[in-house]
Every structure is written in structure tokens, then in C-alpha cells.
Amino acid sequence: MAASGFCFYFLVFLVAFGASLEATNGQLSTEFYKSTCPKALSIVQEGVAAAIKNETRMGASLLRLHFHDCFVNGCDGSVLLDDTANFVGEKTAIPNNNSARGFNVVDDIKAKLEESCPGVVSCADLLAIAARDSTVYLGGPSWKVRLGRRDSTNASKAAADASIPPPTSNLSAIISSFAAQGLSSKDMVALVGAHTIGLARCTSFRDHIYNDTDIDKSFAKSLRQICPKTGNDSVLADLDLKTPFSFDKLYYTNLLKKKGLLHSDQEFFSGGSTDQMVNTFAKNTSLFFKDFRKSIVKMGNIKPLTGSAGQIRINCRRVN
Ligand code: HEM
Ligand SMILES: *[C@@H]1O[C@H](CO)[C@@H](O)[C@H](O)[C@H]1NC(C)=O
Ligand SMILES: *[C@@H]1O[C@H](CO)[C@@H](O)[C@H](O)[C@H]1NC(C)=O
Ligand SMILES: *[C@@H]1O[C@H](CO)[C@@H](O)[C@H](O)[C@H]1NC(C)=O
Ligand SMILES: *[C@@H]1O[C@H](CO)[C@@H](O)[C@H](O)[C@H]1NC(C)=O
Ligand SMILES: *[C@@H]1O[C@H](CO)[C@@H](O)[C@H](O)[C@H]1NC(C)=O
Ligand SMILES: *[C@@H]1O[C@H](CO)[C@@H](O)[C@H](O)[C@H]1NC(C)=O
Ligand SMILES: *[C@@H]1O[C@H](CO)[C@@H](O)[C@H](O)[C@H]1NC(C)=O
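When you line the sequence shown up against mature numbering (1 follows the signal peptide of the UniProt record, and there is no 0), it's residues -26 to -1, 1 to 294, in that order.
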């Protein structure tokens, strides 16, 4: 009796311990603002919905901001900092300059959070929640966002240039840049499925449509109509032709037909080690959604500032 009682309590302990590990993965917790800012999640969700209603592309832009935040010294809101006399921020780094967007939407949402619970919700968490809400709004998977990240007091243009892979990268270079963040090839292929939404500039896909051979000829030809060899740098094309604002698996289907927009996109289906993953995602939406969910939570856990590290910025653009 005593022994079985012990077993019972030990089991309860194991279950409770397992559950708490789940909830605090990477020191973050899904309940972080439950008592300190109960409206945090709904404020962000409403702000994201309003912004996407106004401009559909904003969902893509917000999802990308979370990625560009997390890859540079962890998910710490650093991408949102404007330049100061003390540092050059990340906004003019090559992957962001004339490309990263959504900063005004972030400011508007942050102002509403500050009205409701001053100094409580970090900019890094705002980006993580907005990435989830954008994905859901456009028809993608949902997940519980782990929270409790704090904001950096510094940013680094050089780190952004070094950590975010450019669209000219080959497969092994992209694998390395994800591995440097603790993300596997499978995480990488699932996460880049985010290119099922949003747009890219001529300057990002020019080399691919003029110089590469692993591209469908008529697809390349139609893109050359809007993206000349020189000029029209900012003309936009859909990352996922036909359904650029619907979070679906057609990005992968395009790759099977050699209709990836960026050189880097087509690298994932070019006879290399990730072909099979692309094939599998192209066939199975629920598998893509399941893996995307798992990998974006993992990405959101990259080196968060917790405890008393960093600060809760009042204005996401500057240090308090
Ligand atoms: C695998 C490496 C990746 C490369 C090389 C890459 C590169 C790019 C480039 C060049 C653009 C277009 C930028 C422009 O021309 O202005 C873009 C857009 C975008 N990227 Fe990626 N990306 C990668 C991975 C990811 C990941 C992991 C996510 C999110 C989880 C993501 C989300 C997006 C979104 C949503 C857009 C469209 C943004 C908009 O329309 O405002 N990308 N990416
Ligand atoms: C709505 O979107 C347009 C771009 O399409 C932008 O110029 C404008 O600032 C947005 N308005 C609000 C309230 O976000
Ligand atoms: C910001 O970080 C850079 C290196 O990443 C460092 O040289 C600089 O001193 C830091 N600036 C501040 C204000 O902390
Ligand atoms: C960012 O883009 C602007 C406008 O095109 C350009 O003038 C500036 O040189 C670019 N900055 C960097 C650091 O490349
Ligand atoms: C991939 O790109 C990296 C960095 O640009 C380069 O060092 C490497 O040789 C390339 N690998 C292949 C297989 O082309
Ligand atoms: C294509 O390749 C040629 C030769 O390597 C190079 O000069 C050019 O800059 C590349 N890009 C485009 C858009 O032609
Ligand atoms: C520049 O882009 C526009 C579409 O935005 C297109 O109509 C025009 O033909 C392009 N110019 C060139 C020289 O390709
Ligand atoms: C699709 O993926 C789901 C989730 O992993 C799996 O349960 C299902 O069996 C897969 N369907 C097919 C047809 O392979």
C-alpha cells in the first residue's frame, strides 16, 4: 500500500514536472502575462487583424519580422530599434534595408499595450504573438506562443548581415546559418514554408531569373517582363505565385515545378538532401502545419533575455 502510494505520488510528480517543462520551454511560458496583462493576447490579435484588413501583405511582413528578430542575437526585439549615436541598428542591414516593414503597425499595437498595462509586455513578445496571429489570419496553423522574452538595449547591423542568409545562398550555406541557431534542416525546410505568403523585390530574384538553370523557362520569362537586368529594383513579385496571401502548402508544390522565386527557395528542391522533405510537405498540409508549428516555437526560443536581463521597452524603437 505504502509502496503503491509512493508510486502514485511519484507519477503525479513526473506528470506535473513534465507539464511544467512543456510550459516553460527555454524559460518562456504560455501563461506569462495571464495576471500582469490579461488582455495582451487579444490586443495584439486585434491590432494584427486590423492591419491585415487594411493591407493583406502586412501579415507576411509581421511574420518575417519575428524571423529577422530571432536570428540576430536571439528574439529580443533588436530588429525594431532605430539607429542611435551609440549603435547602427539592424534596419539598414542588407536583408532589412528597403525590405523589412511593419514598424508602424508594431508601434500602434505597442501603444495599445502600454495603455492597458504600462511597461509589462515586451516588443520581442509582441513580434512572437503577431507572427502567430498573422499566420492564423491567413489560413495557417495556430500554436501556443511562449512568452516572457525581454528586450535588448542594443542592436547590431553587422550581426544581422552575418546571421540572416541572403537569397543568393546555396543549400549548404542556408543549412549552416540555421544550424548556427540550433535549427535542423527539417526546421529550415518547414520554416521557409513561410514563403507561402508575401512578396519579394526584383533585386532579390534577379540573379535567379537571368542566370540560373534550375528554373521553369516560362516562369523566368514572365518575371523578366517586370524585372529587367538593371532598374526596377523595387518591383514586387509573389513568393508563392497564385496564392500569395494564403498560408498553404503550394510554396512546396511550386518548388517541384521549378517555380521557386528566389535562388534560395529553389535550392531546397535541387537534387540535394532536402528534396524529400519538400516532396512530403507538398503532399500533406497537416504535416507541413504540424512541423511549421513545432519549428516556429523552436525559433521563438532562440536565446531569449529573461529574468532581469534587458528591459521592457516602452517604445519599441528606442531603449528606455
Ligand atoms: C531560408 C532562408 C531564407 C531566405 C534566404 C529568405 C529570404 C527572403 C527574401 C530575399 C525575401 C524578399 C525580401 C525583399 O525582396 O524585400 C523574403 C521575404 C519573406 N520572408 Fe524570407 N527568407 C528565408 C527564410 C524565411 C523564414 C524562416 C521566414 C519566416 C518564418 C521567412 C518569411 C518571409 C516572409 C513572410 C516574406 C515576405 C515579407 C513581405 O511580403 O513583407 N523567410 N525572404
Ligand atoms: C493602410 O495601408 C496603407 C498601405 O496599403 C498604408 O499606407 C497605411 O498607412 C495603412 N493604414 C493604417 C491605418 O495602418
Ligand atoms: C552595442 O554592441 C556593439 C557590438 O555588438 C558594441 O560595440 C557597442 O558598444 C554596444 N553599444 C552599446 C550602447 O551598448
Ligand atoms: C539603404 O537604402 C537606402 C535607400 O535606398 C540607401 O540610400 C542606403 O545606402 C542603404 N543603406 C545601406 C546601409 O545599404
Ligand atoms: C556554397 O556557398 C558557400 C558560401 O558562399 C561557398 O563557400 C561554398 O563553396 C558553396 N558550396 C557549393 C556546393 O557551391
Ligand atoms: C549573372 O552572371 C553574370 C556572369 O557571372 C554576372 O556578371 C551578372 O552580374 C549576374 N547577374 C545578372 C542579373 O545577370
Ligand atoms: C518595371 O515594372 C513595371 C511593373 O511594375 C512594368 O510594367 C515595366 O515593364 C517594368 N520595366 C521594365 C523595363 O521591365
Ligand atoms: C499527413 O501527415 C499527418 C500528420 O503527420 C499524418 O497523420 C498523415 O498520415 C499524413 N497523411 C498522408 C496521406 O500521408
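Virtual Cβ for every residue (Gly too), placed ideally from N, Cα, C.
Name the residue from the options whose alpha carbon lies nearest to the alpha carbon of residue i.
i, options, result
"D188", "E241, A98, T58, V209", "E241"
"S35", "A147, L112, D186", "L112"
"L15", "A24, Q285, I103, N70", "I103"
"F179", "A211, I149, S192, C11", "A211"
"S9", "S90, F243, K272, A168", "S90"
"I171", "I26, N60, K264", "I26"
"K264", "K223, G245, D249", "K223"
"A98", "V293, I286, G156", "I286"
"H237", "L157, P202, P139", "P139"
"C11", "N71, G93, N70", "G93"
"N206", "L215, C176, S196", "C176"
"I148", "A59, D239, T204", "D239"
"F133", "F6, C44, V293", "For the sequence presented, residue 133 should be read as Ala rather than Phe. Comparing Cα positions, the closest option is C44."
"R123", "S282, A74, K13, T58", "S282"
"R198", "N228, D214, H169, L235", "L235"
Do residue i and residue j have their C-beta atoms within less than 7 Å of each other?
i, j, result
"G63", "A129", "yes"
"K84", "T4", "no"
"K232", "D190", "yes"
"A256", "L230", "yes"
"A67", "D135", "yes"
"G114", "F41", "no"
"L39", "L100", "no"
"residue 295", "G48", "One cannot answer for residue 295 here, as it falls past the ends of the chain, which runs -26 to 294."
"V46", "S137", "yes"
"G167", "F266", "yes"
"F219", "T30", "yes"
"V293", "T127", "yes"
"L213", "A174", "yes"
In its own chain, which residues sit with a C-beta less than 6 Å from the C-beta of residue i, not counting the 5 before and 5 after it?
i, result
"S269", "D161, A164, L165"
"Q1", "T280"
"T217", "L224"
"Y226", "V252, F255, A256"
"P69", "I138"
"S116", "V110"
Taking DSSP as the reference, what is the three-state secondary structure of residue i?
i, result
"M124", "Note on identity: in this sequence residue 124 is Arg, with Met being the wrong assignment. Of the three classes helix, strand and coil, the one that applies to R124 here is strand, per DSSP."
"N(-2)", "In this predicted model, N(-2) has a pLDDT of only 45, less than 50, meaning its place in the structure is not dependable enough to derive any value."
"I171", "strand"
"R43", "According to the sequence displayed, residue 43 carries Asp and not Arg. DSSP places D43 in helix when its eight states are reduced to three."
"A59", "coil"
"S208", "coil"
"Q285", "strand"
"F6", "coil"
"F263", "helix"
"F219", "strand"
"L112", "coil"
"L37", "helix"
"L279", "strand"
"T254", "helix"
"A74", "coil"
"D239", "helix"
"N144", "coil"
"V213", "Note that residue 213 is Leu in the sequence shown here, rather than Val. It is coil, neither helix nor strand."
"S16", "helix"
"F(-21)", "Residue placement at F(-21) cannot be trusted, given a pLDDT of 43 that sits under 50; what the coordinates show is reported in the next sentence. Three-state result, F(-21): helix."
Among residues of its own chain, excluding the 5 on either side of residue i, which ones have a beta-carbon nearer than 8 Å to its beta-carbon?
i, result
"R291", "L54, L55, D56, F77, D81"
"F(-19)", "Legend: pLDDT at F(-19) = 43, less than 50; position of this residue unreliable, value from coordinates given subsequently. Once the five neighbours on either side are set aside, F(-19) has no close Cβ partner at all."
"N71", "K65"
Between which residues of its own chain and residue i is the CB-CB distance below 7 Å, once the five residues before and five after are set aside?
i, result
"M251", "K160, V163"
"D107", "V18, Q19, V22"
"S247", "S159"
"K131", "V62, G63, E64, T66, A67"
"I288", "E88, G93, N294"
When the cut-off is 7 Å and only beta carbons count, does residue i lie next to chain C?
i, result
"G205", "The structure shown has no chain C; it contains just one protein chain."
Any residue with its C-beta under 7 Å from a non-hydrogen atom of ligand 7 counts. Can you list them all in chain order? Sorted by chain position, residues whose beta-carbon lies closer than 7 Å to a non-hydrogen atom of ligand 7 are Q199, I200, C201, P202, G205, N206, V209.
Closer than 6 Å is what we want: which residues have a beta carbon that near any heavy atom of ligand 4? List them in chain order. T66, N71, N72
Lining residues of ligand 8 - beta-carbon closer than 6 Å to any non-hydrogen atom, in sequence order: Here the residues close to ligand 8, judged by CB distance below 6 Å to any of its heavy atoms, are N258, S260, L261, K264 in chain order.
For ligand 5, residues whose Cβ lies under 7 Å from any non-hydrogen atom: S143, N144, S146, A147
In chain order, what are the residues with a CB under 5 Å from some non-hydrogen atom of ligand 2? N28, E29
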